[in-house]
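Q: Sharing a structure with you now.
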Amino acid sequence: AQSVSQHNHHVILSEAASLELGCNYSYGGTVNLFWYVQYPGQHLQLLLKYFSGDPLVKGIKGFEAEFIKSKFSFNLRKPSVQWSDTAEYFCAVTTSGGYNKLIFGAGTRLAVHP
Amino acid sequence: GAVVSQHPSRVICKSGTSVKIECRSLDFQATTMFWYRQFPKQSLMLMATSNEGSKATYEQGVEKDKFLINHASLTLSTLTVTSAHPEDSSFYICSARDNQGVGGYTFGSGTRLTVV
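For the record, the sequence lines run as chains H and Y. Quick note, my numbering runs 16 ahead of the 1-based positions in the first sequence. Quick note, my numbering runs 3 ahead of the 1-based positions in the second sequence.
Here it is as structure tokens:
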């Protein structure tokens, strides 16, 4: 079964710092990859997704992620974070067949200090 | 965009009672919905996949008789926590495959269940 690993459980940054959150998945077949954000007290929102094509995906709010198939990775990046980026970030993967259930990583809690 | 409405947002119930949580797709038809459970400061754990008109598919370790799922229409799936106990207290979230591109998912706002 597929699984998702997020290496950073808790990240603390100052505003304007660059961000990179790691995500690795384990599945040998074709996958679809997602990054979701959960702001305090709110529901999950989609940041970006990758299905095929250009492995560098740009999402909302200045976030981007790069799919590196050889490394089974889909790291999330943002060149300059803001205080409003404080949230929990989840990487998720689904396979291209079956019921397409979405499997989540453990999440990374990001705190951005002014 | 696609919207999933989940109700109630918060419920407190007595131990031994049952609680029903509703998940509705408001502007699209969802043949497949997913139910997740999220413990504090942890990730979303998939509980089951709900398919309209058929039995739900439960993940390993999830008690089918305790977490009853019904997906009677293309816009509504319900999760009933039967004979709730304090250890069932958690945040329950539903998700539906939406029509925003291939493989898109939309999430409900979640239900915080507290069993006392």
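Backbone N, C-alpha and C fix where the C-beta goes; we use that ideal spot for every residue, glycine too.
Which of the three DSSP states, helix, strand or coil, is assigned to Y:Glu90?
A: helix
Q: Just to confirm the assignment, what range does the beta strand (DSSP E) spanning Y:Trp38 have?
A: Counted as a single uninterrupted DSSP element, the beta strand (DSSP E) harbouring Y:Trp38 occupies residues Thr35 to Gln41.
Q: With distances taken from CA atoms, which of H:Gln58, H:Gln54, H:Tyr55 and H:Glu80 is nearest H:Leu64?
A: H:Glu80
Q: Under three-state DSSP, which class holds Y:Ser28?
A: Strand.
Q: Shortest alpha-carbon distance to Y:Ile15 belongs to which of Y:Ser93, Y:Ala99 and Y:Cys97?
A: Y:Ser93
Q: Hey, does H:Phe83 have any beta-carbon neighbour from chain Y nearer than 8 Å?
A: no
Q: From H:Ser96, H:Gln58, H:Phe90 and H:Pro56, pick the residue whose C-alpha is nearest to that of H:Ala33; which is it?
A: It is H:Ser96.
Q: With Y:Thr85 as the anchor, note down where its beta strand (DSSP E) starts and where it stops.
A: For Y:Thr85, there is no enclosing beta strand (DSSP E), as DSSP marks it with neither H nor E.
Q: Using three-state DSSP, classify Y:Lys69 as helix, strand or coil.
A: coil
Q: For H:Lys87, which of helix, strand or coil comes out of DSSP?
A: DSSP places H:Lys87 in the helix class (H, G or I) of the three-state scheme.
Q: Does the distance from the C-beta atom of Y:Val22 to that of Y:Thr109 stay below 8 Å?
A: Contact flag unset, no.
Q: Check for me: the beta strand (DSSP E) holding Y:Leu77 runs from which residue to which?
A: Secondary structure note for Y:Leu77: it is in no beta strand (DSSP E), with a DSSP letter that is neither H nor E.
Q: Reducing DSSP to helix, strand and coil, say where Y:Ser53 ends up.
A: In the structure shown, Y:Ser53 falls within a strand segment according to DSSP collapsed to helix, strand and coil.
Q: Ignore the nearest five residues each way along the sequence and tell me which others in Y:Ala33's own chain have a CB closer than 7 Å to its CB.
A: Leu77, Thr78, Ala99 and Arg100
Q: What separation, rounded to the nearest whole angstrom, lies between the Cα atoms of H:Gly57 and Y:Lys58?
A: 32 Å
Q: Answer with yes or no whether the minimum CB distance from H:Ile28 to chain Y is below 8 Å.
A: no
Q: Give the straight-line distance between the Cα atoms of Y:Thr52 and Y:Ile72, rounded to the nearest whole angstrom.
A: CA-to-CA, the gap between Y:Thr52 and Y:Ile72 works out to about 9 Å.
Q: Can you say whether H:Leu60 is buried or exposed, counting buried as having 16 or more other CB atoms within 10 angstroms of its CB?
A: buried
Q: What in chain H is Cβ-close to Y:Tyr108, meaning under 7 Å?
A: Leu118
Q: For H:Gly78, would you say it is in contact with chain Y, using Cβ-to-Cβ distances shorter than 8 Å as the test?
A: no
Q: Using a Cβ-Cβ cut-off of less than 8 Å, list which residues of the stretch 62-78 of chain H approach chain Y; keep chain order.
A: Leu62, Lys65 and Phe67
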